[in-house]
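Colleague: As you go down the protein sequences, you meet chains A, B, C and D in turn. Residue 221 is where the first sequence starts when you use this note's numbering, and the numbers rise one by one after that. Residue 221 is where the second sequence starts when you use this note's numbering, and the numbers rise one by one after that. Residue 221 is where the third sequence starts when you use this note's numbering, and the numbers rise one by one after that. Residue 221 is where the fourth sequence starts when you use this note's numbering, and the numbers rise one by one after that. Idealized CB from N, CA, C, for every residue including glycine.
Number of protein chains: 4
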Amino acid sequence: MTTIRIGVIGTGVMGTDHVETISKSIARAEVRAVADIDVGRAEAVAARIPGAKALSSAEALIESAEIDAVIIASSNPTHGPYTLASIAAGKPVLCEKPLAETAAECEQILRAEETAGTRLVQIGFMRRYDPGYVELRARVASGEIGAPLLAHCVHRNVSVPPLWTSEDIVLTSAVHEIDVMPWVFGREVVNVNWFSPMPNAPGVRRDPQVAILELEGGALIFIELFMAANYGYEIRCEIVGEKGTIELAPVARTVSRSDLRVQVDLAADWRPRFAEAYRRELQSWVNAILAWNSGDLNNVSGPVHGPDAWDGYRAAVIAEALVASMSSGGPVRVESLAIPGLYQQGRS
Amino acid sequence: MTTIRIGVIGTGVMGTDHVETISKSIARAEVRAVADIDVGRAEAVAARIPGAKALSSAEALIESAEIDAVIIASSNPTHGPYTLASIAAGKPVLCEKPLAETAAECEQILRAEETAGTRLVQIGFMRRYDPGYVELRARVASGEIGAPLLAHCVHRNVSVPPLWTSEDIVLTSAVHEIDVMPWVFGREVVNVNWFSPMPNAPGVRRDPQVAILELEGGALIFIELFMAANYGYEIRCEIVGEKGTIELAPVARTVSRSDLRVQVDLAADWRPRFAEAYRRELQSWVNAILAWNSGDLNNVSGPVHGPDAWDGYRAAVIAEALVASMSSGGPVRVESLAIPGLYQQGRS
Amino acid sequence: MTTIRIGVIGTGVMGTDHVETISKSIARAEVRAVADIDVGRAEAVAARIPGAKALSSAEALIESAEIDAVIIASSNPTHGPYTLASIAAGKPVLCEKPLAETAAECEQILRAEETAGTRLVQIGFMRRYDPGYVELRARVASGEIGAPLLAHCVHRNVSVPPLWTSEDIVLTSAVHEIDVMPWVFGREVVNVNWFSPMPNAPGVRRDPQVAILELEGGALIFIELFMAANYGYEIRCEIVGEKGTIELAPVARTVSRSDLRVQVDLAADWRPRFAEAYRRELQSWVNAILAWNSGDLNNVSGPVHGPDAWDGYRAAVIAEALVASMSSGGPVRVESLAIPGLYQQGRS
Amino acid sequence: MTTIRIGVIGTGVMGTDHVETISKSIARAEVRAVADIDVGRAEAVAARIPGAKALSSAEALIESAEIDAVIIASSNPTHGPYTLASIAAGKPVLCEKPLAETAAECEQILRAEETAGTRLVQIGFMRRYDPGYVELRARVASGEIGAPLLAHCVHRNVSVPPLWTSEDIVLTSAVHEIDVMPWVFGREVVNVNWFSPMPNAPGVRRDPQVAILELEGGALIFIELFMAANYGYEIRCEIVGEKGTIELAPVARTVSRSDLRVQVDLAADWRPRFAEAYRRELQSWVNAILAWNSGDLNNVSGPVHGPDAWDGYRAAVIAEALVASMSSGGPVRVESLAIPGLYQQGRS
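Take a look at the structure:
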């Protein structure tokens with residue numbers, strides 16, 4: 221098999237983007253099926269992709285003999301069940317974050333993979349494929365700034381659905397920083413803390429929020445989460461080390477001057493900022509499956525070279541600790557399982 | 221009198237800079253005397269300034285009939301006593317920060333001024349004269365970003381004397397942000413909190429430190445203090461509001477390219493960064509004295525239009541609360557006197 | 221046919237990059253053959269690509285029944301002959317710039333395509349696929365800066381082979397700006413002019429050089445070409461219009477601070493700067509071939525949606541006018557053929 | 221005498237700014253008289269400055285025994301006559317650019333100074349006092365970029381009076397670059413050339429224009445002059461050397477984010493950009509007069525340490541050559557007098 225036949229569950233914004241990206245820009249992969257609870261929407265997406273069909277159910281897609289690998293981009297409550305179904309079907313699966321709605325549900329996925337004896341699940345933490353974060357991590361690892369001591373992160377959106385609670389924001393947006401910062405530092409999170417100024421958004425939601433993650437050894441990560449920041453979508457990250465600092469450069473293709481100002485445009489959502497990360501994530505995932513299928517195990521216990529179920533579980537545990545800190549108003553220790561043997565291999 | 225005759229106590233780095241600035245760049249003022257416990261150093265400075273002489277004691281300088289106004293730039297323990305002596309002599313005085321070594325000692329200065337019935341003391345919080353901070357404050361006040369919710373401040377030095385403790389850093393360096401941020405927000409500090417990652421500097425000092433100030437109404441100020449940052453001197457400040465953000469622009473006069481990089485040079489200490497602020501501080505102080513002397517009271521209770529003894533006292537109270545948080549490991553409420561009537565006039 | 225089988229002639233830096241890019245990142249395409257006058261080099265490249273073989277001659281590659289489309293990345297003198305051979309074989313061909321060594325030789329290619337009745341040739345002006353230039357052009361076309369009046373371009377390399385002459389630099393490096401700027405402005409070049417300060421490089425070569433292109437209607441393009449700029453590879457372009465300006469943003473993924481400076485790294489050559497442009501160029505070329513093969517003509521007279529033989533010819537004519545200006549020391553009028561009907565279709 | 225008593229001729233924008241700056245920010249100087257053909261305007265300005273009076277004529281001001289030094293900020297045609305009158309009165313004079321309306325008239329001023337045997341005239345080329353240009357020049361002189369080969373200058377205004385001709389723009393705006401660039405390079409201009417795209421402004425005026433200055437040794441200066449650029453006031457300058465480049469950094473005190481953009485504000489005219497340069501120019505001029513009066517000749521033939529009448533004459537000669545190039549459409553050689561002995565002393 222030289223081409224991976226992919227089925228995509230969920231044809232909302234993210235699922236449709238993945239279908240488009242695979243069709244236009246991913247080598248050795250093709251979308252062969254899409255499924256959505258809104259069948260008409262699935263059919264409309266499938267109609268644009270030669271060789272793809274709309275299926276009546278996610279389960280049918282997962283079990284289809286014509287599908288080699290599964291992408292889950294449906295609503296958050298379905299992530300856990302569809303991931304478990306994919307593991308049961310023995311198929312590689314790329315699940316959008318969060319892996320499941322609770323850490324406890326993530327544990328079930330860990331156990332299912334352990335039973336299967338193979339890492340099949342990749343979690344959609346695409347920032348690990350963003351060229352900026354990749355360079356940031358490599359430079360930190362190079363030692364050029366000495367030991368990394370602090371990080372300042374900013375994560376701002378134009379707006380979010382009005383019904384999103386403070387907890388939702390931590391569980392579904394903050395998880396990006398919760399995953400990527402330990403990966404950049406090469407250190408686990410051991411404690412968390414939570415702050416918020418007076419509410420910005422109407423209603424009871426606290427927005428902005430500031431999460432503080434303490435890593436093994438003491439380094440501190442400050443994360444500003446501001447979902448109704450209004451002015452634009454923006455991600456920033458600066459790592460402060462003993463001898464210097466490294467930060468993500470601003471992302472822009474052009475600079476303009478008009479009306480008494482020099483200006484760089486900002487995007488209205490995350491997709492332009494991370495389009496290249498998504499492309500690289502998908503290509504890397506496909507390449508890992510091809511390598512696994514060809515028997516090139518490369519010392520890794522499954523067709524996953526990227527963030528796996530363990531990373532999804534860890535992010536859920538840390539996010540839940542933050543939610544606990546939100547309630548208690550003080551620091552909360554991160555308590556998690558010991559890492560199972562299956563997930564130790566190849567982990568830096 | 222159309223020229224203010226100034227006496228400068230202390231001819232270290234800061235005092236000598238003030239003498240130079242007044243002589244070269246300040247209208248309607250002249251340095252007539254300098255004093256230092258190192259008499260030879262005072263004589264060397266005086267020799268460069270036509271019309272200036274070195275005096276044998278700070279007290280003699282303060283009481284000299286040839287001196288209209290006093291600048292205190294001597295060691296920190298002398299600030300309180302010399303300020304009190306200047307008040308006793310009825311002379312306007314510009315005292316470098318800190319106003320005194322403890323909040324309690326600052327209270328004595330407040331009481332002395334109240335007794336005198338005139339605000340004579342300006343505290344050397346020069347950032348209030350920095351064109352960047354002035355513009356930042358004006359833009360926040362304009363309402364263009366809506367209510368300000370958060371601030372991110374960075375305060376980094378190349379190095380500090382090895383014997384400086386964490387407490388010294390808060391009491392003598394952090395006071396700049398402690399003073400200027402409430403001034404930018406137009407809100408008082410009500411609570412503080414303190415964090416620090418693993419130590420960077422050798423010995424028991426914690427460095428970097430992160431101070432969190434909570435303002436009335438809930439806005440949060442995050443201040444990274446990093447004294448042995450090694451790479452350069454740098455000050456940053458971003459204000460995050462409901463509708464947008466405003467931050468200090470980088471300070472540089474040229475950009476260069478060489479050796480596979482585009483580069484902006486950083487200074488090794490704070491003086492180039494705030495040279496213009498010091499010049500404006502001194503000119504403003506001289507102008508206020510001239511206006512007071514000419515009977516143009518402008519509704520202000522003394523020859524001080526800038527930060528006064530009350531501001532020096534408030535900064536000391538907040539800094540001491542941070543030191544308490546450093547010990548307790550949790551939030552500390554800022555407890556201070558009610559503002560006396562003398563200091564209410566003209567305060568925004 | 222759902223996958224384009226590509227043969228690559230020339231396995232130097234550029235050819236090898238194309239082979240890698242196609243194998244790792246291009247959908248619906250595969251490299252099936254490589255050819256090089258250095259057979260060992262071709263074999264080494266082919267060995268890394270499953271399904272690819274090294275062929276003994278470029279001609280054999282062009283004529284192979286197993287090759288659908290040809291990439292020419294061999295030495296400049298071979299571009300014309302191999303392009304003509306590909307047209308004779310009826311195969312789509314992507315030829316690295318320059319299209320041929322002289323405008324006269326480019327004319328032969330135009331005639332060959334006219335005879336064939338199909339546009340088969342794309343010229344490797346990858347800047348048209350660079351996201352920065354694409355955005356620059358779209359914004360100019362949007363009218364937001366009014367009529368574009370001027371452009372300032374900078375094209376700097378670390379070094380070039382010592383034997384390159386001033387003419388070589390114009391004919392092989394300046395052609396990028398010569399092609400892309402009329403495309404951005406939507407106007408043809410009618411006059412050229414040439415300047416150079418005192419020589420930088422040793423020997424008789426003039427470096428830097430400044431080319432001035434005058435477009436129809438009068439707009440002026442200033443292009444600094446500096447091949448031995450030493451400090452790094454850098455491309456800049458600012459368009460100045462009646463109401464404002466637009467320029468390419470700096471390209472960087474991280475910013476660092478150390479040793480008293482803030483720094484952005486520069487690349488040592490053009491490949492990192494244009495890696496994404498090459499990927500998009502190749503994917504677009506493959507997509508156009510697939511669309512042509514599937515009968516979706518889209519009103520275009522051949523499997524080429526990008527810069528074609530006419531663009532390669534025009535660049536050669538303008539570059540030769542610049543070389544004439546170099547000799548004459550004054551302005552030179554650009555004289556070219558009228559555009560043949562084959563090339564008019566779909567040209568904006 | 222320890223304070224210089226200054227008379228200011230002309231109370232338009234520039235003259236009023238100088239009066240304000242001297243009064244508020246210049247040590248050891250005071251404005252004692254202002255004159256204007258609009259007497260009411262002069263009286264209004266004088267009324268704001270304690271100790272200053274409005275005089276009925278410029279000549280009376282120049283000859284007044286209460287005036288030590290003269291600033292000429294009246295209309296361009298009066299510059300030459302008032303400068304000559306000041307020389308005749310033996311008084312130091314700071315004349316706004318241009319020194320006179322023609323190079324020939326500037327020659328008369330040179331001869332008057334030679335007859336007086338003293339350099340009394342400073343010309344208001346304030347960019348030589350701008351901290352950015354000062355740093356640019358020092359870094360070029362340091363050799364860090366090797367020999368400087370090229371410069372790219374941009375000089376843009378929001379608008380100019382509709383009746384200004386292309387010649388006016390060269391003679392009164394371009395003179396800033398014409399003066400400062402040879403000063404930065406340490407080389408004289410030997411040839412000039414002139415280009416312009418299609419007109420932007422209505423009427424016959426060509427705008428933007430591009431002036432090319434060739435320096436001794438061959439270095440080339442490209443100057444874009446765009447008077448009706450609409451979008452804002454902006455000055456840029458990049459020096460390209462054998463080993464690297466140095467450019468003026470953008471000037472801004474704050475950066476803001478709102479409405480899907482990151483933005484730096486631009487000024488509507490030149491005054492904020494060069495306010496600090498004007499202050500330093502005035503203080504330096506006052507200091508030079510004080511030093512001259514005190515007999516500290518410092519090897520300079522008069523109370524002028526800045527750009528002098530010779531610099532004003534050279535700028536006029538080069539500007540006139542540019543106007544000749546505008547007519548002839550080709551390069552024009554700069555022909556000037558040999559530098560008289562009076563002006564050689566202290567010239568770098």
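Under DSSP, the beta strand (DSSP E) around Asp399 of chain B begins and ends at which residues?
Modeller: Taken as a continuous stretch (DSSP letters only), Asp399 of chain B belongs to no beta strand (DSSP E), being part of the alpha helix (DSSP H) at 395-405.
Colleague: Rounded to the nearest angstrom, how far is the Cβ of Ile389 of chain D from that of Met447 of chain D, given a contact under 8 Å?
Modeller: Going by Cβ atoms, the distance from Ile389 of chain D to Met447 of chain D rounds to 5 Å, so yes, they are a contact pair.
Colleague: Going by C-alpha distance, which of A:Glu454, A:Asn413, A:Cys457 is nearest Val432 of chain A?
Modeller: Contrary to the premise, residue 432 of chain A reads as Ile rather than Val in this sequence. Ranking the options by Cα distance to Ile432 of chain A, first place goes to A:Asn413.
Colleague: Which chain C residues are close to Pro382 of chain A, counting only those with a beta carbon under 9 Å from its beta carbon?
Modeller: Those within 9 Å of Pro382 of chain A in chain C number zero; the least Cβ separation is about 33 Å.
Colleague: List, in order along the chain, the chain B residues whose C-beta lies closer than 8 Å to that of Leu390 of chain A?
Modeller: Here the sequence assigns Val to residue 390 of chain A, which means Leu is not the residue at that position. What Val390 of chain A touches in chain B: nothing, since even the nearest Cβ is about 17 Å away.
Colleague: Between Tyr453 of chain D and His396 of chain D, what straight-line distance do the alpha-carbon atoms span, to the nearest angstrom?
Modeller: So the two alpha carbons sit approximately 14 Å from each other.
Colleague: Helix, strand or coil for Arg534 of chain A, going by three-state DSSP, please let me know.
Modeller: Three-state DSSP puts Arg534 of chain A in a helix.
Colleague: Give, in chain order, every residue of the segment 437-448 of chain D whose Cβ lies closer than 9 Å to some Cβ of chain C.
Modeller: Within the segment 437-448 of chain D, the residues whose Cβ lies closer than 9 Å to some Cβ of chain C are Gly437, Gly438, Ala439, Leu440, Phe442, Glu444, Phe446, Ala448, listed in chain order.
Colleague: Identify the contact partners of Tyr349 of chain D in chain C, using a Cβ-Cβ distance below 9 Å as the criterion.
Modeller: Chain C residues near Tyr349 of chain D: none, gap ~26 Å exceeds 9 Å.
Colleague: Would you kindly check if the distance between the Cβ of Ser295 of chain D and the Cβ of Tyr302 of chain D is under 8 Å?
Modeller: The answer is no: Cβ separation not under 8 Å.
Colleague: In angstroms, rounded to a whole number, what distance separates the CA positions of Asp350 of chain B and Gly227 of chain D?
Modeller: For Asp350 of chain B and Gly227 of chain D, the distance between alpha carbons rounds to 31 Å.
Colleague: So if DSSP puts His372 of chain B in a beta bridge, which residue, or which two residues, is it bridged to?
Modeller: In the DSSP output, where bridge partners are listed per residue, His372 of chain B has B:Phe442, B:Glu458.
Colleague: Straight-line CA distance for Gln429 of chain B to Leu562 of chain A?
Modeller: Approximately 39 Å, taken between the alpha carbons.
Colleague: Establish whether the CB of Glu462 of chain D and some CB of chain C are separated by less than 8 Å.
Modeller: Interface residue, yes.
Colleague: For Ile226 of chain B and chain D, any beta-carbon pair shorter than 8 Å?
Modeller: Judged by the 8 Å Cβ criterion, Ile226 of chain B is not in contact with chain D.
Colleague: Indicate whether at least one CB of chain B lies closer than 8 Å to the CB of Leu369 of chain A.
Modeller: Yes, its Cβ sits closer than 8 Å to a Cβ of chain B.
Colleague: Would you call Gln564 of chain D buried or exposed, if buried means 16 or more other Cβ atoms sit within 10 Å of its Cβ?
Modeller: Looking at its Cβ environment, which holds fewer than 16 other Cβ atoms inside 10 Å, Gln564 of chain D is exposed.
Colleague: Per DSSP, Glu434 of chain B is paired with what?
Modeller: In the DSSP output, where bridge partners are listed per residue, Glu434 of chain B has B:Asn411, B:Leu440.
Colleague: According to DSSP, which residues form a beta bridge with Arg553 of chain A?
Modeller: The partner list for Arg553 of chain A (beta bridge, DSSP) reads A:Asn411.
Colleague: Which class does Ile389 of chain D belong to by DSSP, given the choice of helix, strand or coil?
Modeller: DSSP places Ile389 of chain D in helix when its eight states are reduced to three.
Colleague: Do you know how far the Cα of Met546 of chain A is from the Cα of Met221 of chain C?
Modeller: In this prediction, Met221 of chain C scores a pLDDT of 43, lower than 50, which makes its location untrustworthy; the coordinate-derived value is nonetheless stated afterwards. Cα-Cα distance, rounded: 58 Å.
Colleague: So, with DSSP's three-state summary, where would you put Gln503 of chain C?
Modeller: Helix, per DSSP.
Colleague: Assess, as a yes-or-no matter, whether the segment 477-487 of chain B is touched by the segment 475-486 of chain C under the definition of 3 or more beta carbon pairs within less than 8 Å.
Modeller: Touching, yes.
Colleague: Suppose you measure from the CA of Leu510 of chain D to the CA of Ala247 of chain D; what does that come to, to the nearest Å?
Modeller: Spanning the two alpha carbons is a distance of roughly 11 Å.
Colleague: When you compare only the Cα positions, how much space is there between Thr335 of chain B and Arg477 of chain A?
Modeller: Answer to the nearest angstrom: the Cα atoms are 57 Å apart.
Colleague: Take Leu304 of chain B as the anchor and find which of B:Ile443, B:Glu327, B:Thr392 has the nearest alpha-carbon.
Modeller: Ranking B:Ile443, B:Glu327, B:Thr392 by Cα distance to Leu304 of chain B puts B:Glu327 first.
Colleague: Measuring only between beta-carbons, confirm whether Leu468 of chain C sits less than 8 Å from chain B.
Modeller: Cβ-Cβ to chain B under 8 Å: no for Leu468 of chain C.
Colleague: Does Val484 of chain D come within less than 8 Å of chain A when only Cβ atoms are used?
Modeller: So, interface residue.
Colleague: Just checking my contact of Cys457 of chain D with Ala535 of chain D at CB under 8 Å: how many whole Å lie between their CB atoms?
Modeller: At roughly 17 Å, the Cβ-Cβ gap does not stay under 8 Å, so Cys457 of chain D and Ala535 of chain D are not in contact.
Colleague: Pick from A:Lys273, A:Ala367, A:Ala324, A:Ala267: whose alpha carbon is nearest that of Gly437 of chain A?
Modeller: Ranking A:Lys273, A:Ala367, A:Ala324, A:Ala267 by Cα distance to Gly437 of chain A puts A:Ala367 first.
Colleague: Helix, strand or coil: which one does DSSP assign to Asp237 of chain D?
Modeller: DSSP places Asp237 of chain D in helix when its eight states are reduced to three.
Colleague: Does Ser379 of chain D get closer than 8 Å to chain F when you measure Cβ to Cβ?
Modeller: The structure shown contains no chain F; its protein chains are A, B, C and D.
Colleague: Any idea which residues DSSP pairs Val254 of chain A with across the strands?
Modeller: According to DSSP, which records beta bridges pairwise, Val254 of chain A is partnered with A:Val228, A:Ala274.
Colleague: Between Glu263 of chain C and Ser284 of chain C, what straight-line distance do the alpha-carbon atoms span, to the nearest angstrom?
Modeller: Straight-line Cα distance between these residues: approximately 17 Å.
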